[in-house]
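The structure appears below as structure tokens.
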Amino acid sequence: MRSLVGLFAVVTAASLYLYSLSLYLPAGPRRRPRLGSEIEHVEAAESERLSDISEEPSRLKFPSDLAELRELAELLQFYKTEHTGYVLLLFCSAYLYKQSFAIPGSSFLNILAGAIFGPYEGLFLACVLTTVGSTMCYLLSQGFGKQYIVNFFPEKVSMLQKKVEENEDCLFFFLLFLRFFPMTPNWFLNMSAPIVNIPITFFSCSVFIGLLPYNFICVQTGVMLSEVSSLDDLFSWARLLQLLTIACVALLPGALIRHFSHRRLKVDTQHHNGSVAHKKVQ
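When we follow UniProt numbering, the leftmost residue of the sequence shown carries the number 1, and every step to the right adds one.
Structure (structure tokens):
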């Protein structure tokens, strides 16, 4: 009971902080007037539209589909021109909130990182925040949730414990394999890792490296969404070449880990209709 009260206090404090941060938006950036009646008319209409956006703090919410994601990206890009620090703090806080409390939907935030911060800074933020947030989830589970996780997911915890013991001599590569080819959702692995005695150093490093291809794909998708304005742009030769490069870069680490796993790891590698068939790889 004491651990449940402590967890509730942490969640409440984090929720109030994130709510207050999203509620009090700074003033939106102002546009400089230009010569020409037609240009002034267009810019006045655009400024009025952006002003309407800045007066709607309720629109700052976690996106649930691509339409909301594009809308949120447009809003944050608008504020980023003069309030970069605020947008960065808000994005990092929201990302860590989702990761720390194992809330699904981090892929949308990865895409948003690419749309707002670009391919390099966005990828760096996604990788660092994923690692920090997952580690915070690990620590929260270690401090407050061990008993509840075992009670709610006894079979999953038992299966993971067995696999960890079987691959104890190459535990780090086993954790990488789980990130590249998850037998269990990432959120469950984050919560159950301290229960099955996975060292926090192995855990954090495996998150950073193992989710790098996934974060890379999501961030690059966000970059393309922010640049594409029509279907012709999406299906141009340059864009198709970019997609092919992204796919090759993302698949290479997974291919190497799979090759290693067939020689050393003992994992479940066959999937049939969403179920896992147990197979021991020697």
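Idealized CB from N, CA, C, for every residue including glycine. Just so it is clear, the structure is predicted and the values come from calculations on it, not from any experiment.
message = Contact defined as beta carbons within less than 8 Å: I believe residue 195 pairs with residue 149. What is the distance between those atoms, to the nearest angstrom?
response = That pair is a contact at about 6 Å.
query = Run through DSSP, which three-state label would residue 82 get?
reply = Three-state result, residue 82: coil.
ask   = Can you round the beta-carbon distance between residue 206 and residue 175 to whole angstroms, since I take them to be within the 8 Å contact cut?
value = The C-beta distance from residue 206 to residue 175 rounds to 4 Å, short enough to meet the 8 Å contact threshold.
inquiry  = Given the structure, does residue 150 come close to the ligand MG, in the sense that its CB is under 7 Å from one of the ligand's heavy atoms?
reply    = Absent from the structure shown: the ligand MG. Ligands present: none.
ask   = Rounded to the nearest angstrom, how far is the Cβ of residue 218 from that of residue 93, given a contact under 8 Å?
value = Incorrect: roughly 19 Å between the Cβ atoms, too far for contact.
request  = Just the C-alpha distance for residue 11 and residue 84, rounded to the nearest angstrom, thanks.
outcome  = In a straight line, the C-alpha of residue 11 is about 27 Å away from that of residue 84.
task = Could you check which residue in 216, 171, 81 has the C-alpha nearest to that of residue 202?
result = Considering only alpha carbons, the answer is 171.
key: Closest Cα partner of residue 105 within the set 214, 62, 20   = For residue 105, the closest of 214, 62, 20 by C-alpha to C-alpha distance is 62.
query = Alpha carbon to alpha carbon, what distance is there between residue 70 and residue 204?
reply = Approximately 31 Å, taken between the alpha carbons.
message = If you measure between the beta carbons of residue 98 and residue 87, is that distance less than 8 Å?
response = Against a cut-off of 8 Å, the Cβ pair of residue 87 and residue 98 comes out as no contact.
key: Alpha carbon of residue 53 to alpha carbon of residue 24, nearest angstrom   = Legend: pLDDT at residue 53 = 44, less than 50; position of this residue unreliable, value from coordinates given subsequently. Whole-angstrom Cα-Cα distance: 14 Å.
message = Three or more C-beta pairs under 8 Å: does that hold for the region 158-170 against the region 110-126?
response = Flag = no, the region 158-170 and the region 110-126 do not touch.
request  = Kindly indicate which three-state DSSP category residue 162 falls into: helix, strand or coil?
outcome  = Residue 162: helix per DSSP, three-state reduction.
ask   = Roughly how many whole angstroms lie between the Cα atoms of residue 160 and residue 127?
value = Roughly 24 Å separates the two Cα atoms.
message = Can you give me the C-alpha to C-alpha distance between residue 178 and residue 5, rounded to a whole angstrom?
response = If I take the Cα positions, the gap works out to 32 Å.
First through last residue of the alpha helix (DSSP H) which encompasses residue 171 = Residue range 171-180 is occupied by the alpha helix (DSSP H) that includes residue 171.
query = Nearest to residue 18 by alpha carbon, out of 136, 130, 138, 91?
reply = Per the C-alpha coordinates, the member of 136, 130, 138, 91 positioned closest to residue 18 is 91.
Rounded C-alpha distance that separates residue 16 from residue 169 = Rounded to whole angstroms, the separation of the alpha carbons of residue 169 and residue 16 is 44 Å.
inquiry  = Please state the DSSP three-state secondary structure of residue 203.
reply    = Residue 203: helix per DSSP, three-state reduction.
task = Taking only runs that begin and end inside the region 104-129, name each unbroken alpha helix (DSSP H) of 4 or more residues, in chain order.
result = Taking only runs of at least 4 residues, the alpha helix (DSSP H) segments lying wholly in the region 104-129 are 106-117.
task = Give the secondary structure of residue 194 by DSSP, where H, G and I count as helix, E and B as strand, and everything else as coil.
result = Looking at residue 194 - three-state DSSP - the assignment turns out to be coil, as it is neither helix nor strand.
query = Does the distance from the C-beta atom of residue 129 to that of residue 95 stay below 8 Å?
reply = Result yes, Cβ atoms of residue 129 and residue 95 sit closer than 8 Å.
key: Integer Cβ distance of residue 145 from residue 191, believed to fall under 8 Å   = With 8 Å as the limit, residue 145 and residue 191 qualify as a contact, their Cβ atoms being about 6 Å apart.
ask   = Which class does residue 7 belong to by DSSP, given the choice of helix, strand or coil?
value = In the structure shown, residue 7 adopts helical secondary structure according to DSSP, grouped into three states.
query = With 16 as the cutoff for other CB atoms within 10 Å, does residue 100 come out buried or exposed?
reply = Within 10 angstroms of the beta-carbon of residue 100 lie 16 or more other beta-carbons, which makes it buried.
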